[in-house]
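Have a look at the structure below, then the notes.
In UniProt numbering, the protein residues as written are 1 to 222.
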């Protein structure tokens with residue numbers, strides 16, 4: 001008997017796919033440069049708003065989206081890697097996937113943060129460059145355009161390959177639940193709350209995060 005469980009609430013799903021689109025947009029506009037940098041900054045501010053939202057949603061969001069639910073100890077991740085699985089490993093993020101998600105969020109935060117302090121010395125500078133030293137701007141620019149970009153692209157590639165591996169090799173459908181929210185499970189599991197009030201609360205929360213990102217974008221004009 002299979003149980004249909006709502007694992008990913010709508011706000012989490014929208015966050016995920018919006019982040020995917022923004023990261024693609026950042027890579028494309030960053031490579032094109034020139035006038036496309038206007039959109040590069042816009043995508044960057046959107047990612048900032050999304051990250052702020054995800055940080056807050058990790059404490060008040062759906063059950064399986066909360067950090068306290070899906071983050072696991074390194075020891076548990078190692079046990080999972082050795083093939084010792086727990087029942088909840090198959091519901092939300094498995095232990096390895098959880099650490100991958102955390103790494104992705106941290107790298108994105110570092111990339112956005114360094115971008116806010118970067119200066120191409122031609123036409124575009126982040127809104128925080130005026131508040132830090134020249135040495136910090138130089139370091140942030142180097143990280144943003146070289147180290148951070150490579151690390152992020154490598155992790156994204158690893159993430160995609162992991163999805164392909166689990167889909168093809170282990171026959172686990174990871175993408176469909178991130179589209180419609182539900183998983184078919186062999187045993188019952190707590191469902192994520194995903195009612196109209198949850199969604200309205202998430203919309204209000206994202207509005208506040210978007211306002212914070214907009215305020216950051218205007219700091220260079222103050």
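Glycine is no exception: its CB is placed at the ideal position from the N, C-alpha and C atoms.
Validate contact between the region 106-121 and the region 129-142 using beta carbons, cut 8 Å, 3 pairs: Result yes; three or more Cβ-Cβ pairs closer than 8 Å.
Using beta-carbon positions only, say whether residue 189 and residue 5 come within less than 8 Å of one another. Working through the chain shown from its first residue, we reach residue 189 at position 189. Working through the chain shown from its first residue, we reach residue 5 at position 5. Taking 8 Å as the Cβ cut-off, residue 189 and residue 5 qualify as a contacting pair.
Using a threshold of 8 Å, state whether the C-beta atoms of residue 101 and residue 185 are closer than that. For the purposes of this step, residue 101 is taken as the residue at position 101 of the chain shown. For the purposes of this step, residue 185 is taken as the residue at position 185 of the chain shown. It is not a contact, given that the beta carbons lie outside the stated cut-off.
Compute the distance between the beta-carbons of residue 213 and residue 48, then report whether it is under 8 Å. The residue given as residue 213 occupies position 213 in the chain shown. The residue given as residue 48 occupies position 48 in the chain shown. Taking 8 Å as the Cβ cut-off, residue 213 and residue 48 qualify as a contacting pair.
Should residue 57 and residue 8 be called a contact, given that it needs their Cβ atoms to be closer than 8 Å? Residue numbering aside, residue 57 sits at position 57 when the chain shown is read from its first letter. Residue numbering aside, residue 8 sits at position 8 when the chain shown is read from its first letter. In this structure, residue 8 does not lie closer than 8 Å to residue 57 by Cβ.
Where residue 6 falls: helix, strand or coil (DSSP): Indexing the chain shown from 1 puts residue 6 at position 6. Look at residue 6 here: in three-state DSSP terms it is strand.
Look at the alpha carbon of residue 38 and the alpha carbon of residue 125, and state the distance between them as a whole number of angstroms. On the chain shown, residue 38 is found 38 positions in, with the first residue counted as 1. On the chain shown, residue 125 is found 125 positions in, with the first residue counted as 1. Going from the Cα of residue 38 to the Cα of residue 125 covers about 11 Å.
Taking just the CA atoms, how far does residue 19 sit from residue 217? In the chain shown, the residue the question calls residue 217 occupies position 217. In the chain shown, the residue the question calls residue 19 occupies position 19. Taking the straight line joining both Cα atoms gives about 19 Å.
Please report the distance separating the alpha-carbon of residue 183 from that of residue 177. Taking the first residue of the chain shown as position 1, residue 183 is located at position 183. Taking the first residue of the chain shown as position 1, residue 177 is located at position 177. Rounded to whole angstroms, residue 183 to residue 177 spans 6 Å at the Cα level.
Thinking C-beta only, is residue 187 closer than 8 Å to residue 95? Taking the first residue of the chain shown as 1, we reach residue 95 at position 95. Taking the first residue of the chain shown as 1, we reach residue 187 at position 187. Contact annotation: residue 95 and residue 187 have beta-carbon atoms that are not nearer than 8 Å.
Which class does residue 125 belong to by DSSP, given the choice of helix, strand or coil? The residue you call residue 125 lines up with position 125 of the chain shown. Residue state, collapsed to three classes: strand.
Please confirm whether residue 62 and residue 211 have their CB atoms less than 8 Å apart. If you number the chain shown from 1, residue 62 lands on position 62. If you number the chain shown from 1, residue 211 lands on position 211. Contact flag unset, no.
Among 42, 98, 77, which has the Cα closest to the Cα of residue 69? Mapped onto the chain shown, residue 69 falls at position 69. Per the Cα distances, 98.
Exposure label - residue 45; buried when at least 16 CB within 10 Å: One-based indexing of the chain shown puts residue 45 at position 45. Taking every protein chain shown into account, the CB of residue 45 has 16 or more other CB atoms within 10 angstroms, so this residue is buried.
Same chain, Cβ closer than 7 Å to residue 53, five either side skipped, listed in chain order: Numbered from 1 along the chain shown, position 53 holds the residue referred to as residue 53. Excluding residues within five positions, the ones whose Cβ falls inside 7 Å are 15, 205, 206, 209.
From which residue to which residue does the beta strand (DSSP E) around residue 184 run? Taking the first residue of the chain shown as position 1, residue 184 is located at position 184. Run containing residue 184: 182-185, per the beta strand (DSSP E) assignment.
Note down, in chain order, each residue of its chain lying with its Cβ closer than 7 Å to the Cβ of residue 250, except the 5 sequence neighbours on either side. The requested residue 250 does not occur in the structure, where the chain is confined to residues 1 to 222.
From what residue to what residue does the alpha helix (DSSP H) around residue 111 run? For the purposes of this step, residue 111 is taken as residue 111 along the chain shown, with counting starting at 1. Secondary structure note for residue 111: its alpha helix (DSSP H) is the uninterrupted segment 95-116.
8 Å Cβ shell around residue 119 - same chain, five flanking residues per side excluded: Counted from its first residue, the chain shown places residue 119 at position 119. Answer for residue 119: 125, 126, 129, 137, 141, listed in chain order.
Alpha helix (DSSP H) containing residue 159: first to last residue? Counting from one through the chain shown, the residue named residue 159 turns up at place 159. That run of the alpha helix (DSSP H) goes 148-168.
For residue 28, which residues of its own chain have a beta-carbon under 7 Å away from its beta-carbon, when the five flanking residues on both sides are left out? Along the chain shown, one-based indexing puts residue 28 at 28. Closer than 7 Å at Cβ, skipping near neighbours: no residue.
How far does the alpha helix (DSSP H) with residue 208 in it reach, from first residue to last? As a position in the chain shown, residue 208 is number 208, starting the count at 1. First-last of the alpha helix (DSSP H) with residue 208: 196-217.
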